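Okay, so here's the structure we're looking at.
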Ligand code: NAP
Ligand code: MG
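Numbering (full-length UniProt numbering), first residue to last: 1 to 402.
Encoded structure:
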């Protein structure tokens, strides 16, 4: 079989630890034999980030802006342990955070669903995609302990020194206070990314906040979504037969639990942080969660939602057998290749992505899986395989189907 040819490169970002090992296997066994891969390669492994003073991350983000599609391996976000472990010059920032802020993008996380792994919520038969607004709110707040009697105010001073003041609370004694903010431009980008992604995936879009209580802050989010929807997206949504739906966060939670899934749920920063963990856990496993960063002007970066699976990597380094799940990594590749195929009108690439996803899940349906899935499947007849053998099995099946 002739390899599928590509037109435009996609941006390939390698990463760290166990996922870097999987990355190599996946490319060697599932991509390179079938696709004449055109990629612009960036090594975001921690050593190269350190050598380049993290410039490589910025270059990778710029390349995604240029080519429109990227695929990324999980990377270490350094903390003080990592600085020691790799004798880093600095505690470099999270590459995902850097790329997200350069692209001004929103992250959409969706579970990969298989019949033999039932979500904790029985009626969830379709994936629920969470979109988290990853800017501002309590993640960039300013907090203070109050330890005496006194008056606390919000004060805004403009450039020529005029002040606007508003009472927060008259304290009689000990208490706490926090100030947080957001930007209209960031909320607008968030809204556009969500509307675009809903159109792209033909799913309905929900947005929730607490506008009845937070009459200015949350209400502004609601208003911005409404305005952008009415002015820019209403017609397109009607053409596709999909809906945009706003409701209060508590009502959204209740409705989501009773729903069959199949929607994109746009959440404010904190809600998204909490709800994405709930949804991931309820659907079964972090190892089955995909993640795509979408910019408001339609650039896409695909990755697995999980991290570098450090504990497995240390076992791998000791020469012990690992059974790490590569499905989300495989789906990051298929997501990126499919998008590349759609943008460049390469039907074979779109079809290949679909087939690779299908055979990957077929293998699991037939009972061949990694340890993490063996623990949660209702399938009784299973064979637990190691990291590499899982990919080998997928390849054998892929060769048959293509
Ligand atoms: P993690 O890599 O997601 O792993 C946490 C645990 O979840 C693993 O120890 C493993 O449990 C299970 N797990 C996750 N993915 C799995 C897979 N594919 N197959 C099987 N089991 C899987 O999170 P972490 O250990 O907290 O973080 C490790 C590093 O990843 C950190 O340096 C962090 O900065 C980085 N990180 C990167 C990203 C990213 O690049 N997007 C995201 C999150 C974290 P068992 O050990 O019980 O088997
Ligand atoms: Mg969280």
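Built from N, CA and C at the ideal position, the CB exists for glycine as well.
Owing to the predicted nature of the structure, the values given are computational and were not obtained by experimental measurement.
query, result
"As a quick exercise: from 400, 20, 10, pick the residue whose alpha carbon is nearest that of residue 316.", "20"
"Are residue 62 and residue 39 touching if we call contact CB-CB under 7 Å?", "no"
"Using only alpha-carbon positions, find the residue among 391, 103, 53, 88 that is nearest to residue 70.", "103"
"Answer yes or no: do residue 287 and residue 372 have a C-beta to C-beta separation smaller than 7 Å?", "yes"
"Would you say the beta carbon of residue 311 comes nearer than 6 Å to a heavy atom of ligand 1?", "yes"
"Return the first residue and the last residue of the beta strand (DSSP E) that residue 43 is part of.", "39-43"
"Per DSSP, which one or two residues make a beta bridge with residue 156?", "164"
"Touching or not, the segment 254-267 and the segment 200-219, by the rule of three or more beta carbon pairs under 8 Å?", "yes"
"Given a cut-off of 7 Å, decide if residue 377 and residue 116 are closer than it, judged by their beta-carbon atoms.", "yes"
"Shortest alpha-carbon distance to residue 231 belongs to which of 277, 168, 195, 174?", "195"
"Would you decide whether residue 403 is buried or exposed? Buried here means 16 or more other CB atoms lie within 10 Å of its CB.", "The structure shown does not extend to residue 403, since the chain is modelled only from 1 to 402, so the question has no answer here."
"Using only the alpha-carbon positions, how far apart do residue 242 and residue 193 sit?", "16 Å"
"Which stretch, first to last residue, makes up the alpha helix (DSSP H) that contains residue 6?", "Careful: residue 6 lies outside any alpha helix (DSSP H) and carries neither H nor E."
"Take residue 364 and list the residues in its own chain whose beta-carbon comes closer than 6 Å to its own, dropping the five residues that flank it on each side.", "114"
"Beta carbon of residue 323, beta carbon of residue 269: below 7 Å?", "no"
"Give me the Cα-Cα distance between residue 167 and residue 255, rounded to the nearest whole angstrom.", "36 Å"
"Would you mind listing the beta strand (DSSP E) stretches within the segment 233-289 that are 3+ residues and don't spill past its ends, in chain order?", "244-248, 263-267"
"Any idea which residues DSSP pairs residue 111 with across the strands?", "289"
"Rounded to the nearest angstrom, what separates residue 318 and residue 84 at their Cα positions?", "20 Å"
"Would you say the beta carbon of residue 96 is closer than 6 Å to some non-hydrogen atom of ligand 1?", "yes"
"How is residue 145 classed by DSSP in three states: helix, strand or coil?", "strand"
"Between the C-alpha atoms of residue 185 and residue 191, what's the straight-line distance to the nearest angstrom?", "10 Å"
"For the candidate residues 8, 391, 101, 122, whose alpha-carbon lies nearest to that of residue 359?", "391"
"Secondary structure at residue 92, three-state DSSP: helix, strand or coil?", "coil"
"Can you name the residues that DSSP bridges to residue 369?", "384"
"May I have the straight-line CA-CA distance separating residue 397 from residue 351, to the nearest angstrom?", "15 Å"
"Give the DSSP-derived three-state secondary structure of residue 12 in the structure shown.", "strand"
"Is the CB-CB distance between residue 283 and residue 95 below 7 Å?", "no"
"Quick check: is any heavy atom of ligand 1 less than 6 Å from the C-beta of residue 372?", "yes"
"Would you say the beta carbon of residue 76 comes nearer than 6 Å to a heavy atom of ligand 1?", "yes"
"Shorter than 6 Å, the distance from the beta carbon of residue 106 to the closest heavy atom of ligand 1, or not?", "no"
"Tell me whether residue 281, by its Cβ, gets closer than 6 Å to a heavy atom of ligand 1.", "no"
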